[in-house]
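A.B. asks: Encoded as structure tokens, here's the structure I'll be asking about.
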């Protein structure tokens, strides 16, 4: 084939994309029990680490635009999981805090990562392999965030 570089099997982007979608699908039944979506789960994980941060901080940690995060936060506020309020120090900033319901979800969600690791171990993927993969992906993400010319 004259265009080998265009074969799907020769792309790094496709296995990353496919793995991301399949992992997200693996989370789905667990998150449905909690009444949240995967993007909402990501926001909650950020807030469980540091409650009371700005929309911009959440967007930066999730590598998303604020115009993507804002509607998500509005839905979460409507669900009673978070609250949004203007900063007293700078009213241009909106602070996001967990509600009691948002903190309660953390207790229920705590077992999900271990359950998913156990499911992967059942198909022969070890915890060590997962940690190595995570480290390599973290490195790739950091390079790409820094504006590296490394794009596939």
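Residue numbers (the working numbering): 1 to 152.
Yeah, the Cβ is synthetic: ideal placement off N, Cα and C, and Gly gets one too.
Please confirm whether residue 109 and residue 31 have their CB atoms less than 9 Å apart.
C.D. replies: Yes. Within cutoff.
A.B. asks: Do residue 96 and residue 53 have their CB atoms nearer than 9 Å?
C.D. replies: It is a contact, given that the beta carbons lie within the stated cut-off.
A.B. asks: Would residue 46 pass as a contact of residue 58 if the rule is Cβ separation under 9 Å?
C.D. replies: Cβ atoms of residue 46 and residue 58: closer than 9 Å.
A.B. asks: Excluding five sequence neighbours on each side, which residues of the same chain lie with their C-beta closer than 8 Å to the C-beta of residue 27?
C.D. replies: 38, 41, 112 and 116, listed in sequence order.
A.B. asks: Check each candidate in 125, 106 and 132 and name the one with the smallest Cα separation from residue 33.
C.D. replies: Taking only the C-alpha atoms, the option nearest residue 33 is 106.
A.B. asks: In the DSSP assignment, what are the bridge partners of residue 117?
C.D. replies: In the DSSP output, where bridge partners are listed per residue, residue 117 has none listed.
A.B. asks: So, with DSSP's three-state summary, where would you put residue 36?
C.D. replies: Residue 36 falls in the coil class under three-state DSSP.
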